[in-house]
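Student: Let me give you the structure first, and then I'll get to my questions.
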Amino acid sequence: MKNSLGIDIPDEVLAAGDEVYQGAFAKHHMIYQKAAPKTQAVIDPNQSKVLPDLKDAIRACGLKDGMTVSFHHHLRDGDYVVSMVMAAIAELGIKDITICATSLGSAHDSLVPLIEQGVITGISSSGLRGKIGKAISEGKLKNVARIRCHGGRMAAIASGRVHIDVAFIGAPTCDDYGNASGQGGISDCGVLSYGQIDAKYADHVVIVTDTMVPFPNLPASISCSDVDYIVKVDKIGDSDKIASHTLRMTENPRDLLLAENAAIIMKYAPYFKDGFSFQTGGGGPSLAVTRFLRPMLEEKGIKAGFTVGGCTRPMLELLQDGYLGAIMDAQDFDLASVESVHKTPGHYEISTSEYADPFNKGSYVNRLDYVFLGALEVDTDYNVNVITGADGVVRGAPGGHVDTAAGAKCTVVMAPLVRKGRLPSVRDKVLTVTTPGETVDVVVTEMGYAVNPKRQDLLEALADCPLHRYTIEELRDEAVALAGKQDEIEFTDQVVALVEYRDGTIIDVVRKVK
Amino acid sequence: MSNKNRLRRTLMFLNAQRANLVRDGYIYRPDSVIFDLEDAVALSEKDSARVALYHVLQYVDYHGVERLVRINGTDTPFWQEDIRAIVAGGCDGIRIPKCETAADVEKVDEAVTKAEQEFGQPAGSTLLFAGIESPLGVHNALELATSSERMTGISIGAGDFKGSMHAHYREDGAELYGARYALVMAARIAGVQCYDTVYTCVKDFEGLKKETQLIYDMGFDGKSVIYPRQVPVIHSVFTPTAKEIEKAEAIVTQLGSQASEGIGVFVIGGDMVDVAMLEGAKRTLMLAKAAGVYKGAVQL
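Here the protein sequences line up with chains A and B, keeping their order. Per the numbering used here, numbering through the first sequence is continuous, rising by one, with the last residue being 1324. Per the numbering used here, numbering through the second sequence is continuous, rising by one, with the last residue being 1604.
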C-alpha cells in the first residue's frame, strides 16, 4: 500500500491496526480511549518493595515468554541497566521478549547475542545505533523492528498500541518506597522524563537504583504510588558518558559555520522577538546554534522565552544570565545540565509526553517558534532521513526530530552539503523518510539556505537575510558537484524495520542490506 | 578593477594534502584561499598533494573566491613541478615563500611564463605574491615589491622572522613594528598590496581582533588566516563604520562635481577634504560593499 508520500509499504509487514502515513496532521482531533495498566494494589503497610536482586524482581512481576519490557536512555552511552536486566532475563530462561526502549546505542551492544539466541525477538526504539542497528539491518531480529520518535512512543503507549508488561526504570536515587529521582547518587542523569510515562502505563514498574536515600525522596520524577519493586545494584551507569560524540560541543569550523548560518536565519525570520522559543536537536551543528544567540539577543534587546527538550550548558548560561526565561527539560545532554535541573530557578523537568506526545491535549513542541535539527540526508521534497546511513544500515535516531518539526513555526534543518568527504547530503530522494518535508521549512548548508516553497511567508520575511538563497535543487546540484554521483545501495526485499510517524502511521520501511 | 587590485582582507591557508579541506574551502567566505604545498605537506606527500590540487583547481567551482597557491621554496626540488601543475590547473596566483631578493621572484616569474605558454593560459594571468620571512627579505621589501610585473602583494611571515631576529612575542606586537612598517611602506611605494602574518592562537578571537585592528590602522590590505573562524573576525575589523561610509560617499560624489567646477579643496562635515582623499574614500566604500553594509549608488 502506498502512503501519501508515494512510498510503498508492503501489506505483509503491516500488523493489525497499522495504517500508512496520510499527512503530518491527519490525526488532529482524533478521539481515542486511553490505555490503562493492570495494577496490583498495595494496601498492607508492612509490605516491603525492596527486593534483593533483579531476578527476584523479574519473577515477582511474572515476566513470561512473549512479554514486553521497557527502558529509558537518560544515561545514554553510560547506561548499564538495559544490559543488566536483559542478562538476568536470559539467565532465567525467558525468551521471545520485546524491548520497548526510548533509545538504544553503543552501551547496548551486549543485546546482539540475545537477539541471536531468541531471547529478544522484537525491538521498538528511537535510536538503533551501534551493533544493534547493524544486527537489525542484517535481518537478525526475528520480528520487524519499529522505529518510533519520542512523541510517537508516548502516543503508542497512551493509545494502547504498545503495552508494557514490565518497565525497568534506572534511577540515580530512590527511597525504599519507590520515589525515584534523576538527581543525586553516583550515576546522576538529571531528569527521568522518559520513564514517567512508562511508570504510568506499565503493568509492573521496577526501579533499578544504585543509591538508596531516606523516604521521601522529593522532588520525585517517579512517584512511589506507581512503583511495584525496587532493586539496588552496584551501579546503574556512568554519567560521564552521557555526552556521546553526537552531543559534545563541536569546535569543528564547518559545524560552527552551519550553526552560525542557522542562527542568522533565526534572526531574520519573523519570530525573533521578545519571548520567542527554540529548541536545538542533538548533533554538533544543531547544539552549537545556542552559542551564537547571545550577541543577537543583545543587539535586539530581547530575551528568549523558553527552550524545550535536550538541555545543554550554553542554554543554562543564557538562563543564568537572564537571556532566557525557562528551560523545559526532557533530557540532559551534559553534566552541567544534570547538576542544574530543579536547582537553577527556571530550569524545570517535564515528562516526554508533555514534551512531544501528539496524542495528548497539546505538548510543548506545539509552542515552539524555532527548532534546529540535523540530518543525514534531505531531499528535494524537503523530506529528511535521520535513521539510515549512506550504506543503508540503521545507525541514527529520530528522537524528537519528527515531533519538533511538526510543532515548530520555523523548522530549520542543518546539513553540510557533503558528509564524510564523499556523500552528498542533499539529494533527489532520501534513503528513508523519517521527517516529512511538509514539516520542514528551511534547509541550511554551509553555502546558504533554501526555503520550502510552501512557506511563501518565510521566503518574503527572509528577503533581507544576508545568506545566499538557493532553491533546494541548486543545493542538490552543489552537493552532487562536490561529492559526485553515488552508486545506489542494494537492498533485499526483506523489511527489517518499520518507521512510524509520530501518529503511529507507517511513513517508510528499512530493508535488509545486500 | 583588475584582479591585482581586488579586495584581499583575508587570505586563508588550506593544507593541499587534505582533500576534505581543499574541496570546499570557499564556504568560509575568505577573499582568497592559499592552497599550501609547502610547510603543511609532508615530504612524502608532495607529489600526491600537487596532483590532487591540480584537479581541485581544474574542476571545483570556488564561487568567486580567489585561488592562490603557496609553492615550495625555490631552494627545494619541488617548486618547478608545483608551478607547472598549478598553472595548468588555472590558479589565480602564486605565493612564493621565503623571498629575499628580486632573483627569487624572477626565476619564479620565468617558470610561470613558460608554464602559461605550455598550458595555454593567458600570458601574465598568474599573479605573484612574495612571502617575506627573514630580516634580509624585510630589508629588501621594496626590491621584492617591484621585482615583477606580476607582483601583486607582499606579506610578512612572523614565525621565521622573529626567530631570525632573536625576538620574542609581545602582546602589543612591538617586536614586529619595524618589519610591518617596512612592508607597508614598500608596498605603497611599489603600488602593490600588503598582508599581515597569521594569528596562531586560533581560539583567541579578542587577541585576533586587536592585532587586526593594529594592522588595519597601519595600512595593511589584509591578513593571512589559518583557521576558518578567524575570517569573520578580520572582516569585521575591515568593515567601515556608518560614519566612515557616509563621509566616504560624500567625498567620492562631491569630489567629482567640485573638480568639474575647478574646486580642489572643500569642506565636508567640518573637515577639509581634497583630492588626495579620493582613493581612501573609494577603498572605504569598497570594504563596506564587500562587508554587505553599503548598498549605495556610488559605482566603484
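Here a beta-carbon is modelled for each residue, glycine too, at the ideal position from N, C-alpha and C.
Can you give the beta carbon distance from residue 1437 of chain B to residue 1457 of chain B, rounded, assuming they're within the 8 Å contact cut?
Tutor: Their Cβ separation, rounded to whole angstroms, is 15 Å, which puts residue 1437 of chain B and residue 1457 of chain B out of contact at 8 Å.
Student: Is the Cβ of residue 1331 of chain B closer than 8 Å to any Cβ of chain A?
Tutor: Judged by the 8 Å Cβ criterion, residue 1331 of chain B is in contact with chain A.
Student: Judging by CA-CA distance, which residue of A:1119, A:1200, A:1260 and A:886 is the nearest neighbour of residue 1178 of chain A?
Tutor: Nearest option by C-alpha distance: A:1119.
Student: Just curious, the beta strand (DSSP E) that residue 1400 of chain B is in, first and last residue?
Tutor: Where residue 1400 of chain B is concerned, the enclosing beta strand (DSSP E) stretches over 1397–1400.
Student: Between residue 1598 of chain B and chain A, is there a C-beta pair that is closer than 8 Å?
Tutor: Judged by the 8 Å Cβ criterion, residue 1598 of chain B is not in contact with chain A.
Student: Could you check the C-alpha separation between residue 1499 of chain B and residue 1323 of chain B for me, to the nearest Å?
Tutor: Straight-line Cα distance between these residues: approximately 26 Å.
Student: If the cut is a Cβ gap below 8 Å, which residues of chain B does residue 1276 of chain A touch?
Tutor: Here the neighbours are 1596.
Student: Could you check if residue 1034 of chain A is buried or exposed, using at least 16 other CB atoms within 10 Å of its CB as the buried criterion?
Tutor: With 16 or more Cβ atoms within 10 Å of its Cβ, residue 1034 of chain A is classed as buried.
Student: Would you identify the three-state DSSP class for residue 1242 of chain A, choosing helix, strand or coil?
Tutor: Of the three classes helix, strand and coil, the one that applies to residue 1242 of chain A here is coil, per DSSP.
Student: Leaving out five residues on either side along the sequence, give the residues of the same chain with a beta carbon under 8 Å from the beta carbon of residue 1081 of chain A.
Tutor: Once the five neighbours on either side are set aside, the close Cβ partners of residue 1081 of chain A are 1179, 1180, 1219 and 1220.
Student: Assign residue 905 of chain A to one of three DSSP states: helix, strand, or coil.
Tutor: In this structure, residue 905 of chain A counts as coil in the three-state DSSP scheme.
Student: Pop quiz: residue 1216 of chain A and residue 1244 of chain A are said to be a contact at Cβ under 8 Å. What is the actual Cβ separation, rounded to whole angstroms?
Tutor: Going by Cβ atoms, the distance from residue 1216 of chain A to residue 1244 of chain A rounds to 12 Å, so no, they are not a contact pair.
Student: Quick one: Cα of residue 1122 of chain A to Cα of residue 978 of chain A, how far?
Tutor: Looking at the two C-alpha atoms, the distance is approximately 26 Å.
Student: According to DSSP, residue 965 of chain A sits in a beta bridge with which residue or residues?
Tutor: The partner list for residue 965 of chain A (beta bridge, DSSP) is empty, contrary to what the question assumes.
Student: Give me the Cα-Cα distance between residue 1305 of chain B and residue 1601 of chain B, rounded to the nearest whole angstrom.
Tutor: Confidence at residue 1305 of chain B is low in this model, with a pLDDT of 44, below 50, so its placement is unreliable and no value can be given for it.
Student: Quick check: the Cα distance between residue 817 of chain A and residue 993 of chain A, rounded to an integer number of angstroms?
Tutor: Approximately 44 Å, taken between the alpha carbons.
Student: May I ask which residues mark the beginning and end of the beta strand (DSSP E) holding residue 1259 of chain A?
Tutor: It spans 1259–1261 - the beta strand (DSSP E) in which residue 1259 of chain A sits, taken as one unbroken run.
Student: Starting from the beta carbon of residue 1474 of chain B, find every residue of chain A whose beta carbon is closer than 9 Å, and list them in chain order.
Tutor: Within 9 Å Cβ-Cβ: nothing; residue 1474 of chain B doesn't reach chain A, min ~28 Å.
Student: What do you get for residue 813 of chain A, buried or exposed, if any count of 16 or more other CB atoms within 10 angstroms of its CB means buried?
Tutor: Result: buried.
Student: From this set, A:1324, A:1292, A:1323 and A:1312, which residue's C-alpha is nearest residue 971 of chain A's C-alpha?
Tutor: Comparing Cα-Cα distances from residue 971 of chain A to each of A:1324, A:1292, A:1323 and A:1312, the minimum goes to A:1312.
Student: Buried or exposed: which applies to residue 1486 of chain B, given that a residue is buried once 16 or more other Cβ atoms fall within 10 Å of its Cβ?
Tutor: When all chains shown are included, residue 1486 of chain B counts as buried.
Student: Rounded to a whole number of angstroms, what is the C-alpha to C-alpha distance between residue 922 of chain A and residue 1014 of chain A?
Tutor: Going by the C-alpha atoms only, they are around 25 Å apart.
Student: Closer than 7 Å between beta carbons: that is the criterion. Which residues of the region 1244–1256 of chain A meet it against chain B?
Tutor: So the list reads 1256, given in the order they occur along the chain.
Student: So, for residue 1129 of chain A: in the same chain, excluding its five sequence neighbours on each side, which residues have a beta-carbon less than 7 Å away from its beta-carbon?
Tutor: Cβ neighbours of residue 1129 of chain A beyond the five flanking positions: 1137, 1154, 1156 and 1157.
Student: Quick check on DSSP: helix, strand or coil for residue 851 of chain A?
Tutor: Of the three classes helix, strand and coil, the one that applies to residue 851 of chain A here is coil, per DSSP.
Student: Counting only beta-carbon separations shorter than 8 Å, does residue 1067 of chain A have a partner in chain B?
Tutor: Output row for residue 1067 of chain A: interface = yes.
Student: Using only the alpha-carbon positions, how far apart do residue 942 of chain A and residue 912 of chain A sit?
Tutor: Distance between the alpha carbons of residue 942 of chain A and residue 912 of chain A: 14 Å.
Student: Counting only Cβ-Cβ distances shorter than 8 Å, please list the residues of the region 1267–1299 of chain A near chain B, keeping chain order.
Tutor: If the cut-off is 8 Å between Cβ atoms, the region 1267–1299 of chain A has 1276, 1291 and 1292 near chain B.
Student: Where does residue 1100 of chain A fall in DSSP's three states?
Tutor: Residue 1100 of chain A: helix per DSSP, three-state reduction.
Student: Is the distance from the Cβ of residue 1332 of chain B to the Cβ of residue 1067 of chain A below 8 Å?
Tutor: In contact: residue 1332 of chain B and residue 1067 of chain A (Cβ atoms closer than 8 Å).
Student: Please state whether the Cβ-Cβ distance between residue 998 of chain A and residue 1023 of chain A is less than 8 Å.
Tutor: No, the Cβ-Cβ distance between residue 998 of chain A and residue 1023 of chain A is not below 8 Å.
Student: For the region 1528–1547 of chain B, which residues have a beta carbon sitting closer than 9 Å to at least one beta carbon of chain A?
Tutor: Within the region 1528–1547 of chain B, the residues whose Cβ lies closer than 9 Å to some Cβ of chain A are 1531, 1532, 1533 and 1536, listed in chain order.
Student: What are the boundary residues of the beta strand (DSSP E) that includes residue 1304 of chain A?
Tutor: Note, residue 1304 of chain A: beta strand (DSSP E), 1301–1310.
Student: Using only CA atoms, which one of B:1392, B:1342, B:1393 and B:1350 lies nearest to residue 1375 of chain B?
Tutor: Residue B:1342 is the option with its Cα nearest to residue 1375 of chain B.
Student: Tell me, please, whether the CB atom of residue 1328 of chain B is closer than 8 Å to any CB atom in chain A?
Tutor: It does: the Cβ of residue 1328 of chain B has a partner Cβ on chain A nearer than 8 Å.
Student: At a cut-off of 7 Å, is residue 830 of chain A close to the ligand SAH when judged by its beta-carbon and the heavy atoms of the ligand?
Tutor: As presented, the structure is devoid of all ligands, the ligand SAH included, so that no description of it is given.
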